[in-house]
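Q: Before anything else, here's the structure in question.
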Amino acid sequence: ILEEQLHGIMKILSRLKNVMVLFKIHPHKNDEYFLKIINGYKKDLRILTKKNLNLCARKCDCLISNFQSAASLYGALLKKPSIEMWKGINSIYKTDISNNSKLNLVEKTKNLIDFERKLLLAINRSNSRIWKKNYYNFNKLYLNNKTSREIVSFIKNV
Numbered sequence: 671i672l673e674e675q676l677h678g679i680m681k682i683l684s685r686l687k688n689v690m691v692l693f694k695i696h697p698h699k700n701d702e703y704f705l706k707i708i709n710g711y712k713k714d715l716r717i718l719t720k721k722n723l724n725l726c727a728r729k730c731d732c733l734i735s736n737f738q739s740a741a742s743l744y745g746a747l748l749k750k751p752s753i754e755m756w757k758g759i760n761s762i763y764k765t766d767i768s769n770n771s772k773l774n775l776v777e778k779t780k781n782l783i784d785f786e787r788k789l790l791l792a793i794n795r796s797n798s799r800i801w802k803k804n805y806y807n808f809n810k811l812y813l814n815n816k817t818s819r820e821i822v823s824f825i826k827n828v
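Listed below in structure tokens is the structure:
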């Protein structure tokens, strides 16, 4: 199922014009099988990187993350549209709604069609209220105290 999910997403990304996809694979889980799938697509479409996630997120226009990934928080932190892929398999997570989605910090997707719709929205209307809601909720949840603001300031200035 996860293989189908990745192929579907790669096909959508391949159809988009003037798009470069920066893949930041998990630092401790570089699954060779999925890297092989990614490498099967046009080389001018994607870049594989081992750079720090903070630096990668700053360069992107839209952040796409796996289900229940803390990486999605960089979207809200840096005011970038952040899309969470749907849960592809039953795993350790007993829910189909991630914690970040429950807190309205990221836009969850239900399937490939929903993913494409939200991706196009992120590309064409990055200032939409759907994304502003995520930024607002992030600020309300994490930036209401001095310590959190100092940590965020540190991360942004690394």
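Just so we're aligned, residue 671 is where the sequence shown starts under my numbering, counting upward by one.
Virtual Cβ for every residue (Gly too), placed ideally from N, Cα, C.
Considering Cα atoms alone, identify which of 800, 822 and 766 is closest to residue 751.
A: By one-based count along the sequence shown, residue 751 stands at place 81. The option with the nearest alpha carbon to residue 751 is 800.
Q: If you drop the 5 nearest sequence neighbours on each side, which residues of the same chain put their C-beta closer than 7 Å to that of residue 678?
A: Numbered from its first residue, the sequence shown carries residue 678 at position 8. In chain order, 782 place their CB closer than 7 Å to the CB of residue 678, counting only its own chain and leaving out the 5 sequence neighbours on each side.
Q: Starting from residue 720 and walking both ways along the alpha helix (DSSP H), at which residues does that stretch end?
A: Taking the sequence shown and counting its residues from 1, one reaches residue 720 at position 50. That residue, residue 720, is in no alpha helix (DSSP H); it is neither H nor E in DSSP.
Q: Considering residue 753, what are the terminal residues of the beta strand (DSSP E) in which it resides?
A: The sequence position of residue 753 within the sequence shown is 83, counting from 1. Unbroken beta strand (DSSP E) run through residue 753: 752-754.
Q: Suppose the cutoff is 7 Å on Cβ atoms and the five residues either side in sequence are ignored; what does the same chain contact list for residue 818 look like?
A: As a first step, residue 818 is located in the sequence shown; it is residue number 148 there, counting from the start. Hits under 7 Å: 812.
Q: Quick one, are the C-beta atoms of residue 733 and residue 742 less than 9 Å apart?
A: Translated into the one-based positions of the sequence shown, residue 733 becomes position 63. Translated into the one-based positions of the sequence shown, residue 742 becomes position 72. Their beta carbons are under 9 Å apart, which means residue 733 touches residue 742 by this criterion.
Q: Using DSSP with H/G/I as helix, E/B as strand and the rest coil, what is residue 798?
A: Mapped onto the sequence shown, residue 798 falls at position 128. In the structure shown, residue 798 sits in coil (DSSP, three-state: anything other than H, G, I, E or B).
Q: Could you round the C-beta distance between residue 825 and residue 736 to whole angstroms and report it? I think they count as a contact, below 8 Å.
A: Within the sequence shown, the letter at position 155 stands for residue 825. Within the sequence shown, the letter at position 66 stands for residue 736. Actually they do not touch by this definition, with Cβ atoms about 21 Å apart.
Q: Any idea what DSSP makes of residue 757, helix, strand or coil?
A: Numbered from 1 along the sequence shown, position 87 holds the residue referred to as residue 757. If DSSP states are grouped into helix, strand and coil, residue 757 belongs with coil.
Q: Go ahead and label residue 771 buried or exposed: buried means 16 or more other beta carbons lie within 10 angstroms of its beta carbon, across all protein chains shown.
A: For the purposes of this step, residue 771 is identified with residue 101 of the sequence shown, where counting begins at 1. Per the 10 Å Cβ criterion, buried.
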